[in-house]
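Notes follow the structure.
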Amino acid sequence: MLPAEREQYIITFLKANKKATIHTLAKEFDVHEATIRRDLNKLEQYNHIKRTHGGVVLNDTEVWDELNFDDRETSYYYEKVAIGQKAAEFIETNDTLFIDSGSTTLHFARALAQKNNLTIITNDIHIASILKSTSNQVIVTGGTLYKDNYLLNGMMTNEALKQFNPSKLFLATPAIDLEKGITHFNDTLASTKIQMVKQAKEIYVLTDSSKFDKVSLYHVCPNDTIDVLITDQTNSKVDWQSYRNHFNKIITVNLNAQSESF
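Basically the working numbering = 1-based index in the sequence shown + 2.
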């Protein structure tokens, strides 16, 4: 099992059991305690867990940071693939798109392989590299390369975004909440997302359900700004009815059935 997979399973285990010891986790995943300690150190570094006397618990009330990109891409992998494929169904010929940097939007970009005559603007080098072999026009914003990721951000990125008025924006987020809307832990990255929202005609948010009921420091946009929210139903703690009342349209992909729209 890859470390990123085990880290995700540790989070799932803690969601189900609320608390665990290093010994319990080592036994659960059949690895040495030293391996679990390394996993927990990484999860603690990104503020996903908290150490307690005799064990660890989830830190699931605030979002201040994220796993690095390679880890995020393997987290909720199948949900993100399904979300990306569903989002691609909204693309029409001659669309102009902003594609925000993110692991879920990366899968959306992969799903665009058979789409033609699009103009795509992105601040993500990885997304641009995936789209380069298609017949679509791809524009990269430029800017400062963010650590541990493939995204570009900063003043140059925001100035470049002001030059475009795309028909659709596909936005990623680490945090979404009924009252606070879309938020982000980094002010520079939040400002790039805010600029994208300002420029786009229609706004689609692509996020897996682990990001729900999360609040981070910097506000990006309110829920009623979003035209379509595409997510999954894996997180059983989400009050879906309340979210339906706060959003214009929510589409949930079900890995074992057809998608639902409400």
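Backbone N, C-alpha and C define an ideal beta-carbon position, used for all residues, glycine too.
Spatial neighbours of D97 in its own chain (CB-CB distance under 7 Å, excluding positions within 5 residues in sequence) are listed in chain order as L120, S169 and K170. Per DSSP, the continuous alpha helix (DSSP H) segment holding G86 begins and ends at Y79 to A90. Counting only runs that start and end inside the stretch 210 to 261, the beta strand (DSSP E) elements of at least 3 residues fall at 220 to 223, 230 to 234 and 252 to 255. In the displayed model, E35 falls within a helix according to three-state DSSP. Contact between the stretch 134 to 142 and the stretch 171 to 179 is not established, with fewer than three Cβ pairs separated by less than 8 Å.
For R53 and R8, the gap between their C-alpha atoms comes out near 18 Å.
Taking the Cα of D226 as reference, the smallest distance to any Cα among I184, L257 and L219 is reached at I184. Using a Cβ-Cβ distance cut-off of 8 Å, the stretch 182 to 200 and the stretch 110 to 118 are not in contact, since fewer than three pairs of beta carbons, one from each stretch, lie closer than that value.
Excluding the 5 residues flanking it on each side, A89 has same chain C-beta neighbours closer than 8 Å at F110, A113, F172, Y206, L208 and I232, in chain order.
A residue is called buried when at least 16 other Cβ atoms come within 10 angstroms of its Cβ; Y245 meets this threshold and is buried. When I132, S193, V230 and D241 are compared, the shortest CA-CA separation from K216 is found for D241. Your pair D210 and D234 checks out as a contact, with CB atoms roughly 6 Å apart and the cut at 8 Å.
The Cβ atoms of F166 and Q201 lie closer than 8 Å to each other.
The shortest C-alpha to C-alpha distance from L153 to any of L219, T194 and K182 is the one to T194. Close CB contacts of A22 within its chain, under the 7 Å cut and outside five residues either way in sequence, are with F15, L16, G57 and V58 (chain order). Following the DSSP letters along the chain, one finds L4 in no beta strand (DSSP E), marked with neither H nor E. Across the set S137, G86, S218 and Y148, the C-alpha of G86 shows the shortest separation from the C-alpha of L257. In terms of CA proximity to K203, D229 leads the group N155, I13 and D229. Restricting attention to V33, T26, V199 and I253, the CA atom closest to the CA of L4 is found in V33. For the pair G104 and D126, the Cα-to-Cα distance works out to about 8 Å. Taking the C-beta atoms as reference points, I129 is found nearer than 8 Å to T107.
Remark: C-beta atoms of N155 and Y148 approach each other more closely than 8 Å.
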